[in-house]
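J.:
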Ligand code: 30K
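Numbering (this note's numbering), first residue to last: -2 to 749.
Here's what the structure looks like:
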C-alpha cells in the first residue's frame, strides 16, 4: 500500500496477539523522505499508526499517490507538497519537470531574484534631462526612464566628458570635478557637478541602471546634455612662501592658482598685524607672483594672505601665513639719533606739504605709484566703493541704486538705444511665420543671417503700421533696456531694425514659447524638481535685474519664455508699452494700467513699485508654475482679489505643492514689503531645495481655503457666518469661494 507517498510491502505479523511489527516505507519514484516513513503491522494484519512522509522532488508534483513531472510552462523549484507553478512573466520552461524557468531573450534574473520573480530587463534612458549652469557648476535634473524594465531598483550613473575643442573630441573629466551627492549609484534624479573649468564645453551622460543592467550585453542607454560653463573667479592661491623678512619689510613669493579661469589681472596681498584684522588691514597689489611689503613695524608678527583677480572677479584668499619682522637694534649712537630726528622732521614737513597739495587739487597722481604695485588702506575691513554710472533722476525723489540706464533719461531716447543695441539690416532677416500678436504689433519667427555663420533662429517683434512717433519711441525703448542686460535667464536682444519706416526688435527664439501656455499644454507632466528648476531660472534672472536696480512691474508666467532645454527667461521690458500690451493689466482709477493679480498691494494702492513688489509677483509666478498655468484667484474679479488680499487671504498651495514652496510663496506675499525675501535669498532657498530633494517631499495639505498670511495680526476669529468674504459678494466670487471660503471644519487653521 502507498501512504504519504511511501510504499509499504507485505510483512509478517508478530507471534504474540498484542505485538506490533515496525515496517519502513520506500519513497515512490521522484519523491524524497521528509521524515522517515514507517507504519506498524498488527497481529490482526492491519496497518496502524503511519509516521513520517515523502514529498515530491523539485520539478514534480503529487498526483494520486505518485509524483508526476511539471508540464511545459510550469516549474517547481524545491521538493515539497506544493504544486507546479506557472512560469513567471517573461520566462519559459524548455522541457517537462523544470525546476526553474529560463528567461526569454533580452530578459534576465538578478542573482538575488527568487525563481518565482518575473524576468526583467535594463531600463531605458532617463528623460527630460535639463541642465542649469551656474559659473563653473551645473545642476542636472532628469525624470525616471519611461521603461523601468519591470524593476523598482533603479539608480543613475553620471558620465562627465570634457570637450576642449569640439563636442566630437571629448575626454573624461579630470579628478578635480566634484559630484554632489556622488557620481554613481544615485538614487535621486538630480546631481550637482562642481569644479568644472570655466568657458569649457562639457557633455554629460546620465544612464539609468537596475539589478539586471550588468547581465545584458547591450550598451546602456543614456540621456545626454551638452553645456558650456561660464566665467568664474580664479581658484585659491595655495602655496605662499616667505622669501626674506627684514625689520620693516617682508618679501613673499607664491604660485599661480591651479585654475586661473582666465587671465590673471593682478594679485592682492592682504596683511595685518596678528589678531588686529578687525581693526585695520592693508592691501598691496602685484602683477607678478612675488611682492615686497614694506613700511612694517619691526619686531611685529604680521599675517599675509594672497588672492588672484581676473575679469570674472577675485578668487579666495590663500591660507594665512605669519611672519615676524626683525627686532630693532637696541642702541643708537648720538649721530644716528640726530639723523633719524632730522629725517623724521623732513618727512613730516614733506607729508604736511603733500597733504596741503592734495587738499587743493582733490586728485592723485599716478607718478607716485609703483608701476607694478598699488597700495590701499581700508579701515574696519571695508571694501572701496564701486564706481557707478551717474544717471539723471527727477528732483525730490531718491531712486533705488540703478545701474542700468533708462532710455528716457537720455535727451533723445533713440540715441540711448544705439549705445546698447545693434542695428540689423532688414535684408538679413527672413520672417517665416507669426507666433503671437499683441496690441502694438506681432511677434514672428524667422532667421537671421550672420555673415560667416549659420542662420540663427530668432523672434522678431514688429511695430504695427500707422504708429505715432511716441509709440515708435516707446516700442524701441524695450530694446534699449534689453540691450543692457546680459544674463542666461533674461531674453537676449540680437538687434533692432530702425532704418526708414521699419521698427523691429530681434531677440532670441524660445522653442517652447511663454511659460503659462507651455505649462497648460503639459499639465502634470513635470517633476517638482523640474518645476523648481524653472522657478530658479526666473529667480536668478530677477536677482540680476534687481541688482541693476531695474524694477520689472509685470512679472507673470505669460512674460517668461521657455527654451528647448526648459530654461526660463524673463521678457517684456520697456516703459509704458509693456503694460499697454498686456491683456491682464487693468486700468486703475488714476489712469495707470496694472496687472492686479500679480501686483503687490502697496503698488496697486500707491504705485510704489520696487524690487520688493517684483518679489510679490514672483510669488504669484511660483503659484502659476506649481498650478500648471492655472489663473491666480481663478474667476474672481479684480475688485474681489484686491479686497481678499487686503483682508489677509492668500492663495492656497496648489495640489501636490511641497510645503516648503508654499511657505516661500507666503513669504513673498508678506503685507510689509520690507519683510519679503530678496531675490538673492529666494534663489538660495530654491538652490537649497534643489540640493535636498527630500525637503520637497512634504506636501502642503490640499487646503481648500485661502490661508491668510501667518504674519498678519491675529484678532479674535469671527464666527463662520460672519466671515466677510462669502455670501455677500457677487456671483463670481461666490463660485470661486467654493475653493476660497473658510468652512467651520477648517476654521482652526484660518487665523484672521
Ligand atoms: O520665441 C520667442 N521669442 C520671444 C521674444 C518671444 C516673445 C517675446 N515677447 C513677448 C513675450 C510675451 N509678452 C506677453 C504680453 C508679449 C511679448 C520676445 C517668443 C514667443 C512668443 C511670442 C509671442 C507671445 C509669447 C511668446 C514664442 N511663442 C512660441 C510658440 C514660440 N516662441 C515657440 C513655439 C511656440 O509654439 C506654440
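Just so you know, even glycine gets a beta-carbon here, dropped at the ideal spot from N, CA and C.
Do you know how far the Cα of residue 500 is from the Cα of residue 422?
T.: 12 angstroms
J.: May I ask whether a heavy atom of the ligand 30K can be found less than 6 angstroms away from the beta carbon of residue 569?
T.: yes
J.: What do you reckon, are the CB atoms on residue 768 and residue 622 nearer than 7 angstroms?
T.: In the structure as shown, the chain begins at -2 and stops at 749. Residue 768 is therefore absent and cannot be evaluated.
J.: Residue 620: buried (16+ other C-beta within 10 angstroms of its C-beta) or exposed?
T.: buried
J.: For residue 492, report the span of its beta strand (DSSP E) as first-last.
T.: 490 to 494
J.: By Cβ distance below 7 angstroms, which residues in the same chain neighbour residue 624 in space, the five residues on each side in sequence not counted?
T.: 651
J.: Can you tell me where the beta strand (DSSP E) with residue 302 in it begins and where it stops?
T.: 298 to 307
J.: Below 7 angstroms between beta carbons: does that hold for residue 307 and residue 262?
T.: yes
J.: Taking the straight line between their C-alpha atoms, what separation do you get for residue 124 and residue 234?
T.: 41 angstroms
J.: Specify, as a first and last residue, the run of the beta strand (DSSP E) that residue 431 falls within.
T.: 426 to 434
J.: I want to check one thing, is the minimum distance from the CB of residue 628 to the heavy atoms of the ligand 30K below 6 angstroms?
T.: no
J.: Using DSSP with H/G/I as helix, E/B as strand and the rest coil, what is residue 665?
T.: Here residue 665 sits in helix by DSSP.
J.: For residue 222, verify whether its CB is less than 6 angstroms away from any heavy atom of the ligand 30K.
T.: no
J.: What do you reckon, are the CB atoms on residue 618 and residue 554 nearer than 7 angstroms?
T.: yes
J.: Roughly how many whole angstroms lie between the Cα atoms of residue 484 and residue 538?
T.: Going by C-alpha positions, residue 484 is about 7 angstroms away from residue 538.
J.: Nearest CA to the CA of residue 657: which residue from 291, 686, 642 and 681?
T.: 686
J.: Secondary structure at residue 338, three-state DSSP: helix, strand or coil?
T.: helix
J.: Cβ of residue 94 within 7 angstroms of Cβ of residue 67?
T.: yes
J.: When the distance is taken between beta carbons, is residue 239 closer than 7 angstroms to residue 778?
T.: Residue 778 lies beyond the residue range present for the chain, which begins at -2 and ends at 749; the question has no answer from this structure.
J.: Counting only the same chain and skipping the five closest in sequence on each side, list residues whose C-beta sits under 7 angstroms from that of residue 152.
T.: 182, 183, 184 and 206
J.: Does the segment 184 to 203 come within contact of the segment 224 to 234, defined as at least 3 CB pairs closer than 8 angstroms?
T.: yes
J.: My guess is that residue 459 and residue 418 are in contact by the Cβ rule of under 8 angstroms, so how many angstroms apart are they, rounded?
T.: Their Cβ separation, rounded to whole angstroms, is 16 angstroms, which puts residue 459 and residue 418 out of contact at 8 angstroms.
J.: If you run the structure through DSSP and keep just helix, strand and coil, what is residue 351?
T.: Of the three classes helix, strand and coil, the one that applies to residue 351 here is helix, per DSSP.
J.: Taking the alpha helix (DSSP H) that residue 600 belongs to, which residues open and close that run?
T.: 598 to 603
J.: Identify the residues that DSSP records as bridge partners of residue 202: which are they?
T.: 156 and 221
J.: Can you determine whether any heavy atom of the ligand 30K sits closer than 6 angstroms to the C-beta of residue 507, and answer yes or no?
T.: Inclusion of residue 507 in the 6 angstroms shell around the ligand 30K follows from its C-beta lying nearer than that to a non-hydrogen atom of the ligand.
J.: Closest by CA to residue 461, which one among 439, 342, 20 and 256?
T.: Ranking the options by Cα distance to residue 461, first place goes to 439.
J.: Can we say the segment 671 to 691 touches the segment 602 to 618, given the rule of at least three CB pairs closer than 8 angstroms?
T.: yes
J.: I need the boundaries of the beta strand (DSSP E) containing residue 32, first residue and last residue.
T.: Taken as a continuous stretch (DSSP letters only), the beta strand (DSSP E) holding residue 32 covers 28 to 39.
J.: State yes or no: is the C-beta of residue 666 within less than 7 angstroms of the C-beta of residue 647?
T.: Yes. Within cutoff.
J.: On the premise that residue 443 lies in contact with residue 457, defined as a C-beta separation below 8 angstroms, what is that separation, rounded to the nearest angstrom?
T.: 5 angstroms
J.: In its own chain, which residues sit with a C-beta less than 8 angstroms from the C-beta of residue 447, not counting the 5 before and 5 after it?
T.: By the criterion of a C-beta distance shorter than 8 angstroms, residue 447 is surrounded in its chain by 425 and 453, once the five residues flanking it on both sides are discounted.
J.: At what residue ranges does the segment 612 to 700 contain a whole run of the alpha helix (DSSP H), taking only runs of 4 or more?
T.: 635 to 643, 656 to 665 and 676 to 688
J.: For residue 582, count neighbouring Cβ atoms within 10 angstroms of its own Cβ and tell me buried if that reaches 16, exposed if not.
T.: buried
J.: Going by beta carbon distance, what residues of the same chain come within less than 6 angstroms of residue 377, once the five residues before and after it are set aside?
T.: Confidence in residue 377 is poor, its pLDDT being 35 and thus under 50, which makes the residue's placement unreliable; the coordinate value appears in the next sentence. For residue 377, same chain residues with a beta-carbon under 6 angstroms away, outside a window of 5 residues either side, do not exist.
J.: Between the segment 207 to 220 and the segment 149 to 169, are three or more C-beta pairs nearer than 8 angstroms?
T.: A contact is defined here as three or more CB-CB pairs under 8 angstroms, and the segment 207 to 220 meets this definition with respect to the segment 149 to 169.
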